[in-house]
Structure formats: structure tokens, C-alpha cells
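Residue numbering for the sequence shown is 148 to 568, as defined by this note's numbering. This report concerns only the one structure given below.
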Amino acid sequence: MTGGDSSLSAIIVEQGKILDFVDGKTQRFETPDEYVRQEIAKSLVREYGYAKTSIEVEFTLRLGTRKPRADLVILPLESEHIQENAHIIIECKAPTIKAADRKEGVGQLHSYMAACPNVQYGMWANGMERFCYRRVVKGGKVTVEEVPDLPAFGRGEEEAERPRFDQLKPATSDALLFAFRRCHNYIAGNQGLQKPQAFWELLKLIFCKIHDERHNDEVEFFTAANERHGVNGPLKVQKRIEALFSQVKADYPTIFKTSENIDLKPVVLAYLVTQLQMYSLLESDIDVKGRAYEEIVGSNLRGDRGEFFTPRNICRMAVAMLDPSEKQLLLDPACGTGGFLITAMNHVIEKIRVAEMAKWGNKVERAEKAAKDRIKKFAEHSIVGMDFNPELVKASKMNMVMNNDGAGGLFQANSLEAPAT
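Below, the structure is given as C-alpha cells:
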């Protein structure tokens, strides 16, 4: 960028407003439904691969004499932005609006889809729930049916069955937080479990997802479009996930008992898998995972004993000031969900990778192989965490595994107690 370049200029966002992600210049009022819309827009671009130029915000539709505005409309690249070319419609609502709402629920989305002759997919989301639909023609009659997800850019219906690992997307912004909330609330609302029990069932699934990404050659953590409903489809999903959980229990005996099972109805399980299957948890940014995980943990395990989770930016600041190395022991005597330890661990891991890249002349394969051994040794022997709350210890072990595995050095203990003499 040259000193005389006037194409880039700072944008001052007014208080109480938010900058539109799609056009980068419109300032919209920062309302709950606007927050949902901006997060969905980010997801469409960063995770689904749609170009910003293909997305229209507040796109005016014609429904008889009415002219409502759809929140987000995706049109084919280089096509004219008219109603007849609309391909996907997304309606975004505040969390207080329910899907069954007469005026603003999923029925509103269905009416918008019906008014656009070439729309193939639709999504309704409120930050807590998300429903995706596909237009189908049966016996000459046009209807919509629920599907697990919208297609990513350039993918057709025939590719929407078993995903490939190279098609999984790192979660960005609050997309993973939304997914965790949806799953947690869906378990509580459809399985009859209290929210703390729903939380532990969700964590079992997160472990299954991570195990699948780490150890399998083909994706097993998925629900095909025809497996969401009926009897046989959800049972197929249940069988795949139970096989993954058996492997998880064998790998982590200090976290899961051999007698534990995933206590979810097959149809509930199938829905939850659809909400997580498109993400690569291992490739997602540490702060994205940390924020999503710690919020869902905090809403369930934070008790009334003065337990507070340190914000991620404070963790990063403290770790940057300490600048730990792999030859030092990292100890957190009140580790909670492991936020400080994970931030410090990843700080050291990055230093190891940089050092190996310099050593091997930026030859990535040789550097990664050498770094892998150093990282494994460091994670296994140089990270120690304690917490008095046994459930938080278990949750912190899960958090460690979701990031980089230093779970072996976490223990339930009272760090204020005098050591035995």
C-alpha cells in the first residue's frame, strides 16, 4: 500500500450500531436479530464459501401486493440480482422468536421460498435454533422438506451425504457457539434431561467428533439427509456414533467409565450430529473453541462458590507477559476449564513450530515431524492443573483434548490445603 492510496479509509462505527459484514460500509442498529444475521453472513462466506457479491441483505420480494424484505438471499455468481434468480433464502430472528411463531417463524421462510420460482434452499435461524429446508417436487406438487444443512458453494445434492475430511470447515466467529447452544437446548427440550445432564451428553458427542477427525480415514461422524427421520435412518447414525464412543472410552479411561453410554434417542442423536458434522473442531481457532466451550460449561458447571472463568483476552495477555518455554513446568492451581493452561500450551507449541521451521529451512513436512515429537513430550510432561471441583476437572480434560492433548496432567485437588508432611 502506497502513501497516496486513498482507496482504504477508516470507518468510524457509531455507538449502538454494527458494520454490515457483506458490504463493509452500511451501519445497522445492533439488535439481537441483527447480531444473528451478521453471524450467519460471516458463516456463509467463511465456512460455506459463498462470495459476498452473491449475497443480498434485506432483499425485497414481491408476494402479491406485499413487498417484504428477506434477511439474506444468495444468488448465482454473475447473475442479475432479481427475485427470479434467488437460489437460497435465509431468515434471521432474535432468540426470543420461536420457530413456531405464526408471523415470524419458519412459515414465513416457507412463504418466501414459495414466492421465488428458482429458490432451492432456505434457512431459518435465531441463534438458538436453526432449520434448513430444500424445495422438492412430488407428484407435480411443490413442497419443502427439512434437510441437515445448506450446501456449500459448488456442491450439489448428490454430495450432501457422507462428507469428506477435506470438506470440513474450521468454525469462525460465533458459529460454533451457536451450534453448541442449539445442541444443548435440543437435548434439554427433546430428551427430557436437565441441562447439566444434557451438557455431559453433548460433551460425549464432541469427543466422538474429535476422535473421528484424529483417527479415521473416512468421516463416520455424519448424518445423511435421509437419516434424520423415520426409524431406520436414525438407528444407522446411532450405530456409527456408538462405535466411535467405544473407541473414545478406550482412549480416555480417566474421563469415561467403560459402562457409560450415549443416552440419547436415535432421532435426537441424528439431529445433533447434523449440527456439528460440517465443522473441523481440530482446525478451528483456539479462541473460537474456547469461547464456545467455556460459555456452555459455565452455564452448567459454574457453582455458587465464587467460581469465575478468566476471559480469553486476559489469558492471552498474561501468557504473553510470562512467555513460557517448553523447558518450564506450567502449573495452574485453580485451572477451572483449563483456559490459562490451553493458552499457555498453544503459546509454547507455536514457539516449537517456529523453531523447527527455522531449523529445517522452512521445509514444512520435516519441520512438522520434528515438532510433533517435541509437542507430544511437552503436552504430556510439562502441563499440570488442579481444581477442587471434580466436574470442572473432567470438563478441563475434555477442553484440553479438543485443543491439544495435555489432559494427562489434570487432577482433582484442593490447592489451598497444606501438603501432607
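Even glycine gets a Cβ: it sits at the ideal position worked out from N, Cα and C. Computed from a prediction, not measured in an experiment: that's the story for all the values here.
Chain-order list of residues whose beta-carbon lies under 7 Å from that of residue i (same chain, five-residue window excluded)
i      : result
His234 : Ile221, Leu222, Pro223, Asn265, Val266 and Gln267
Val495 : Pro471, Ser472, Glu473 and Phe525
Glu407 : Lys396
Glu186 : Ser320, Asp321, Ala322 and Phe325
Thr290 : Val283
Closer than 7 Å to chain D by CB, residue i
i      : result
Glu231 : Looking at the structure shown, chain D is missing, and only one protein chain is on hand.
Beta-carbon proximity list for residue i, same chain, < 8 Å, skipping 5 on both sides
i      : result
Glu305 : Low confidence applies here, because Glu305 scores a pLDDT of 46, under 50, leaving its location unreliable; read the following figure in that light. There are no such residues.
Ile433 : Ile489, Thr490, Asn493 and Asn550
Ile499 : Glu473, Ala518, Arg521, Ile522 and Phe525
Cys482 : Leu488, Gly532, Met533, Asp534, Leu539, Val540, Ser543 and Leu557
Val415 : Tyr333, Ile334, Asn337 and Gln338
Tyr182 : Ile165 and Gly274
His362 : Gln394
Cα-Cα separation between residue i and residue j, rounded to whole angstroms
i      : j      : result
Ser190 : Ser562 : 42 Å
Met425 : Lys240 : 22 Å
Lys510 : Lys516 : 10 Å
Phe535 : Phe487 : 16 Å
Glu276 : Ala246 : 8 Å
Thr319 : Arg309 : 22 Å
Arg175 : Val169 : 12 Å
Ala345 : Glu442 : 14 Å
Trp271 : Lys436 : 24 Å
Ser427 : Gly287 : 39 Å
Leu352 : Arg329 : 14 Å
Glu177 : Gly301 : 32 Å
Gln230 : Pro215 : 12 Å
Met148 : Asn373 : With a pLDDT of 43 at Met148, under the threshold of 50, the predicted position of this residue should be treated as unreliable, though the coordinate-derived value follows. Each residue's alpha carbon lies about 51 Å from the other.
Glu292 : Glu512 : 46 Å
Simplified DSSP state of residue i, which is helix, strand or coil
i      : result
Phe403 : coil
Leu539 : helix
Ile334 : helix
Leu476 : coil
Ile236 : strand
Pro471 : coil
Asp451 : Residue placement at Asp451 is flagged as unreliable, the pLDDT there being 49, under the threshold of 50; the coordinate-derived value follows with that caveat. It is coil, neither helix nor strand.
Arg375 : coil
Pro458 : coil
For residue i: DSSP bridge partner residues
i      : result
Met492 : Note: Met492 sits in no beta bridge, so no partner.
Gln559 : Asp534
Lys316 : Tyr426
Other residues of its chain near residue i: CB distance less than 6 Å, five sequence neighbours each side excluded
i      : result
Arg387 : Glu367
Thr421 : Pro295 and Thr370
Ser226 : Asn232
Please go through the stretch 152-234 and give each complete alpha helix (DSSP H) segment of 4 or more residues, from N-terminal end onward. 179-193
Runs of alpha helix (DSSP H) wholly within the stretch 239-314 (minimum 4 residues, chain order): 253-261
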